[in-house]
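Residues 16 to 810 in my numbering are what the sequence shown spells out, letter by letter. Glycine included, each C-beta is placed from N, C-alpha and C at the ideal position.
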Amino acid sequence: MATFLSVVSVSNGDMSYSIAEETKLGFVVGNIAKDIGISKKAMQTRRARLNTVGSRKRYCDINSETGDLFVAERIDREQLCGPRASCNLNFEMVLENPLELHRISVHIVDINDNSPMFATDIIKFEISESTDKGARFAVGEAHDADIGTNNVQNYSLEKNDYFVFDVHSNNGKERYGELVLEKKLDREQQREIKLTLTASDGGIPQRSGTVVIHVVVLDANDNTPVFSQSAYRVSLPENSPIGTEVVKVNATDGDEGANGQVTYDFVRISEDLSKLFILDHKTGSIQLSGHLDFEEEVSYDLRIQAKDAFGLASFSSVIVDVVDVNDNAPQISFQSGTHYIAENAPPGSEVGIINLQDKDSGANGRVHCSIQSNVPFKLNPSIKNYYSLVTTAELDRERIPEYNLTITATDEGMPPLSSFQTIHLLLSDVNDNPPTFEKQSYTAYVTENNKPGTSMCSVGATDPDWGQNGTVFYSLVPQEVHGLQVSSFLSINGDTGVVHAVRSFDYEKFRSITFQILARDNGSPPRSSNVTVSVFITDENDNSPQILYPSEEGTSFMTEVVPKGTLSGSLVSKVIAVDADSGQNAWLSYQVVKSTDPGLFAISLHSGEIRAMRDISESDSTKQNLIVSVKDNGNPPLSATCSVFLLISDNLADVPELKDMPYEQSNQKLTSYLIIALVSVCVFFLSFIILILAMKYCCRGKPRPFFDGAVAVPSGYFPPNYAEVDGIGTLRSCYNYDAYLTTGSRTSDFKFVRSYNENTMLADQTLRNSTNDAIGGNEVSLAVAEDSVEVCVMS
16 MATFLSVVSV SNGDMSYSIA EETKLGFVVG NIAKDIGISK KAMQTRRARL
66 NTVGSRKRYC DINSETGDLF VAERIDREQL CGPRASCNLN FEMVLENPLE
116 LHRISVHIVD INDNSPMFAT DIIKFEISES TDKGARFAVG EAHDADIGTN
166 NVQNYSLEKN DYFVFDVHSN NGKERYGELV LEKKLDREQQ REIKLTLTAS
216 DGGIPQRSGT VVIHVVVLDA NDNTPVFSQS AYRVSLPENS PIGTEVVKVN
266 ATDGDEGANG QVTYDFVRIS EDLSKLFILD HKTGSIQLSG HLDFEEEVSY
316 DLRIQAKDAF GLASFSSVIV DVVDVNDNAP QISFQSGTHY IAENAPPGSE
366 VGIINLQDKD SGANGRVHCS IQSNVPFKLN PSIKNYYSLV TTAELDRERI
416 PEYNLTITAT DEGMPPLSSF QTIHLLLSDV NDNPPTFEKQ SYTAYVTENN
466 KPGTSMCSVG ATDPDWGQNG TVFYSLVPQE VHGLQVSSFL SINGDTGVVH
516 AVRSFDYEKF RSITFQILAR DNGSPPRSSN VTVSVFITDE NDNSPQILYP
566 SEEGTSFMTE VVPKGTLSGS LVSKVIAVDA DSGQNAWLSY QVVKSTDPGL
616 FAISLHSGEI RAMRDISESD STKQNLIVSV KDNGNPPLSA TCSVFLLISD
666 NLADVPELKD MPYEQSNQKL TSYLIIALVS VCVFFLSFII LILAMKYCCR
716 GKPRPFFDGA VAVPSGYFPP NYAEVDGIGT LRSCYNYDAY LTTGSRTSDF
766 KFVRSYNENT MLADQTLRNS TNDAIGGNEV SLAVAEDSVE VCVMS
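Shown next, in the form of structure tokens:
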């Protein structure tokens with residue numbers, strides 16, 4: 016079988032090809048890419064596709080990689096187009112971005128693949144012997160499904176003595192013949208005649224079919240049936256029910272009796288037509304036996320034969336025009352390679368193409384398309400029954416992640432038919448949101464002396480983006496804290512946001528750390544945000560009280576001189592202590608744990624002031640030793656002890672008697688100590704007088720710090736960091752004392768009086784938080800005027 020292929024024309028977007036029927040599957044009809052002048056790559060990137068027009072089968076398809084149009088299904092021209100002379104397959108090739116439409120017509124060329132066939136195997140004639148020479152008897156034509164030269168071209172009758180075959184053309188469409196009587200019949204000589212009629216087509220190779228003509232010789236029958244119309248034409252709606260009478264043909268015969276009895280029959284009818292129409296052989300009524308479909312066939316041509324009882328026949332045609340009714344709803348096709356659209360697509364972006372098809376014709380086939388109004392999309396009409404689906408506003412996946420678009424297509428039929436299709440569009444994520452922390456700032460507390468690796472707090476940030484764009488990682492913002500990088504103090508879990516301590520903290524060195532945490536997503540490019548975290552270090556009772564006065568450094572010791580006439584309640588000395596901790600951990604309490612004379616002196620629980628419990632008498636021992644315990648209010652509490660040495664004397668000349676006071680079990684060099692003490696007292700006294708004179712004349716009215724070896728504590732004793740965050744120290748406020756100096760004396764006589772703000776608490780009372788009771792500060796000073804001494808403990 017030869018294959019025919021040709022490109023007829025390419026103009027104005029239309030292309031035509033020709034191909035022989037029964038071409039093998041996969042055969043390349045032509046290269047569309049080359050014919051329309053685009054590259055093969057463009058065929059792929061513009062998503063070229065082929066839509067069939069007016070056919071349910073997809074006989075041809077397109078290879079988007081090569082641009083070839085190839086045969087996809089078996090093509091049988093006779094089944095596809097029947098007797099029509101022109102047989103075409105129509106396609107529409109669609110290209111996207113921009114939208115472009117090319118109409119393609121493939122002409123199906125007939126090949127000689129069908130042989131001529133008669134309606135029956137035997138054609139029977141009953142001819143009267145009285146029939147005149149030249150009488151004609153119609154013989155039904157042979158049917159060949161092929162067209163053109165492949166159709167029936169010639170008839171040949173078996174050689175005989177009575178008949179010849181005369182071929183006629185039916186309006187130039189079909190060839191049929193008649194038996195022509197050339198010699199009168201003689202029933203007595205031959206009662207019947209059997210002849211073979213052969214029909215041949217003009218194809219290569221030639222095909223033929225035969226039928227047997229059986230002639231029975233009868234007596235005379237000189238009238239043939241005559242139809243009332245040479246052709247009948249009727250219109251029938253395609254939705255006509257089965258059993259509907261299409262038309263009733265009528266033929267009359269002038270003969271009487273059996274010669275005038277007329278019967279009707281189809282001359283030639285295909286198997287498909289026999290399922291649609293039935294003919295009553297006696298009445299000539301043609302009825303509908305199947306369902307008509309305007310979309311399958313718009314017209315039918317039926318050949319009817321009327322024959323009398325003795326074989327005389329005539330012919331007529333019945334043309335049935337099928338009237339279209341609106342029985343097909345529009346078909347909606349969403350033609351797009353993907354159902355995803357980026358959320359940052361600008362307004363006007365093309366999402367896909369909507370194609371509408373309606374198999375009806377005229378107004379029944381005109382379709383309108385619409386979309387619901389509450390979505391950021393619209394339909395733009397494009398080329399014939401094509402619409403572009405485009406965006407009308409900015410999209411936000413975090414607000415609306417997907418859309419269900421309902422497309423409605425309605426035709427113009429009466430009544431109109433509609434169809435619906437829901438298109439599910441998903442928005443693909445774009446990294447357009449930075450991580451957002453749950454709080455504007457974070458505060459955490461950690462106790463000092465923590466273990467390295469301790470979890471202190473946790474931060475959390477959320478990102479409404481999806482996938483990697485919404486995956487949050489945490490890190491510390493590089494910065495210096497207390498002169499070091501923040502990473503030397505803290506670390507953070509990048510996945511969970513948990514902040515850990517890298518080292519152990521000391522409240523006495525620094526009390527807070529402020530730093531920033533960066534939350535970054537994994538998008539491209541990544542987005543980030545910061546949050547400030549403040550970590551406050553809380554105090555722990557890890558420092559014992561430190562006694563500033565009396566000092567016991569080295570082997571020296573300090574002795575307070577108490578006049579013998581001291582009255583009960585007089586202040587004789589003071590223990591000064593500080594605690595590096597803060598809060599209640601730095602609240603100090605004082606207690607005498609051992610003394611030479613237990614009933615003579617007592618110490619204030621909170622101020623550390625040592626006072627005489629009774630009047631000092633001559634019988635009291637001149638040397639008194641007190642062991643004082645200083646304890647903080649921590650849990651558990653820490654403590655320290657010191658020794659306070661008191662000498663009851665009215666004159667510094669009694670100082671040599673200190674040789675009897677034990678100190679470190681060594682009294683071997685008492686004489687040297689006494690000499691050194693006397694010299695020191697003299698130097699101190701002279702310095703004291705000079706300082707008082709200088710204050711009197713230079714800074715009159717302004718107290719100046721002055722430190723006495725007996726009752727004052729140099730400021731150098733105070734550590735630099737004994738102060739709480741809130742300003743409440745560990746030392747009490749100022750205490751005022753009246754001082755009396757004796758002229759010409761080597762010693763100074765002090766009048767000990769009660770403190771102006773004394774709030775001495777007994778040992779069995781409860782400690783309460785008071786700025787006047789708490790001891791905490793960094794400076795102790797002694798201000799001396801002409802007639803008074805002011806001892807201040809500054810916090």
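query: According to DSSP, is M471 helix, strand or coil?; result: strand
query: If I'm right that I369 touches Y402 with Cβ under 8 Å, what's the distance once you round it to whole angstroms?; result: 4 Å
query: At the level of alpha carbons, what is the spacing between G580 and V587?; result: 12 Å
query: Can the beta-carbon of V154 be found closer than 8 Å to that of L194?; result: yes
query: Suppose the cutoff is 8 Å on Cβ atoms and the five residues either side in sequence are ignored; what does the same chain contact list for V548 look like?; result: S456, Y457, T458, A459, C472, V474, V514, T529, F530, Q531 and I532
query: Let me know if A48 comes out buried or exposed under the rule of 16 or more other beta-carbons within 10 Å of its beta-carbon.; result: buried
query: Given a cut-off of 8 Å on the beta-carbon distance, is the pair Q168 and G97 in contact?; result: no
query: Is it buried or exposed, N400, if we count other Cβ atoms within 10 angstroms and call 16 or more buried?; result: buried
query: Smallest Cα separation from D136: which of M108, V226 and E115?; result: V226
query: Report buried or exposed for K290, applying the criterion of at least 16 other Cβ atoms within 10 angstroms of its Cβ.; result: exposed
query: Please report the Cβ distance between F152 and G326, rounded to the nearest whole angstrom; I am assuming they are in contact, meaning their Cβ atoms lie under 8 Å.; result: 7 Å
query: Use the C-beta contact count for M429: other C-beta atoms within 10 angstroms, 16 or more gives buried, fewer gives exposed.; result: exposed
query: Going by DSSP, which residues form a beta bridge with L65?; result: M108
query: Taking the alpha-carbon positions, what's the S604 to L653 distance?; result: 11 Å
query: Going by DSSP in three states, M429 sits in which element: helix, strand or coil?; result: coil
query: If you run the structure through DSSP and keep just helix, strand and coil, what is G598?; result: helix
query: Suppose you measure from the CA of L114 to the CA of D478; what does that come to, to the nearest Å?; result: 38 Å
query: Can you tell me which of E365, T451, N129 and P256 puts its alpha carbon nearest to the alpha carbon of N545?; result: T451
query: Give every residue of the same chain whose Cβ lies closer than 8 Å to the Cβ of Q59, excluding the five residues on either side of it in the sequence, and list them in chain order.; result: S79 and E80
query: Short check: CB of E253 to CB of V382, under 8 Å?; result: no
query: If you reduce the DSSP assignment to three classes, tell me which class M628 lands in.; result: coil
query: Given a threshold of 16 other Cβ atoms within 10 Å of its Cβ, counted over all protein chains shown, does V509 qualify as buried or as exposed?; result: According to the sequence provided, residue 509 is Gly. The question's Val does not apply to it. Counting Cβ neighbours within 10 Å, G509 comes out exposed, since fewer than 16 surround it.
query: Less than 8 Å separating the beta-carbons of G598 and D536?; result: no
query: For A655, does the three-state DSSP call read helix, strand or coil?; result: strand
query: Looking at the unbroken beta strand (DSSP E) that takes in S331, where does it start and where does it end?; result: A328 to V338
query: Rank Q387, S376, V445 and L394 by C-alpha distance to the C-alpha of D426 and give the top, closest one.; result: S376
query: What three-state label does DSSP hand Y712 in the structure shown?; result: helix
query: Around the Cβ of Q494, are there at least 16 other Cβ atoms within 10 angstroms (buried) or fewer (exposed)?; result: exposed
query: Determine the closest residue to P541 out of G482, S527 and V659, with distance taken between C-alpha atoms.; result: G482
query: With a 10 Å radius around its C-beta and 16 neighbouring C-beta atoms as the bar for buried, classify Q204 as buried or exposed.; result: exposed
query: How about I208 and Y177: are their beta carbons less than 8 Å apart?; result: yes
query: Going along the chain, which unbroken runs of the alpha helix (DSSP H) with 4 or more residues stay wholly within the stretch 244-276?; result: none
query: Between E111 and R62, what straight-line distance do the alpha-carbon atoms span, to the nearest angstrom?; result: 6 Å
query: Curious, which full-length beta strand (DSSP E) runs of at least 3 residues does the stretch 405-464 contain?; result: 417-426, 433-443 and 456-462
query: So, is Q639 buried or exposed, given that buried needs 16 or more other C-beta atoms within 10 angstroms?; result: buried
query: Nearest CA to the CA of E36: which residue from H122, I77 and Q302?; result: H122
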